[in-house]
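Structure first, then comments.
Numbering (full-length UniProt numbering), first residue to last: 1 to 125.
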């Protein structure tokens, strides 16, 4: 399975099953039709970043995992461990309202970065 679209689709399904959720439940949580969600899992349609970030939140999987798989998680954990630990320490000191603002902005930034990365990847082909 070398097609990135197929890999993302398979990971969406894997994350849902790992969490023990039904397709109907996922569709309801995402506020889409069940067929629309099924199309995401089968790779018929590619999820927009906003939708993928919602799937990541529901299934409690890192957004990068859907794109890079376990390799992405391992890369993040090993290369940025000290920085991540320091950020988590600072983040935990913030008031709850500030955390929510930062999380929302992080989701927006992650979406932008994913789109940018995908555009670069497609450009190189």
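Glycine included, every Cβ here is placed at the ideal spot set by N, Cα and C.
Residue j beta carbon less than 9 Å from that of residue i
i	j	result
residue 53	residue 15	no
residue 36	residue 45	yes
residue 112	residue 49	yes
residue 43	residue 19	no
residue 107	residue 67	no
residue 21	residue 51	no
residue 94	residue 102	yes
Expected contact under 8 Å - CB spacing of residue i and residue j to nearest Å
i	j	result
residue 38	residue 28	Wrong, their Cβ atoms sit about 13 Å apart, outside the cutoff.
residue 47	residue 56	The Cβ separation is near 10 Å, so there is no contact.
Extent of the continuous alpha helix (DSSP H) to which residue i belongs
i	result
residue 5	4-19
residue 81	81-93
residue 31	Note, residue 31: premise wrong, no alpha helix (DSSP H); not H, not E.
residue 64	63-68
Three-state secondary structure assigned by DSSP to residue i
i	result
residue 50	helix
residue 99	helix
residue 111	helix
residue 41	helix
residue 22	coil
residue 125	Model confidence at residue 125 stands at a pLDDT of 49, short of 50, so the residue's coordinates are unreliable; what they give is reported in the following sentence. Looking at residue 125 - three-state DSSP - the assignment turns out to be coil, as it is neither helix nor strand.
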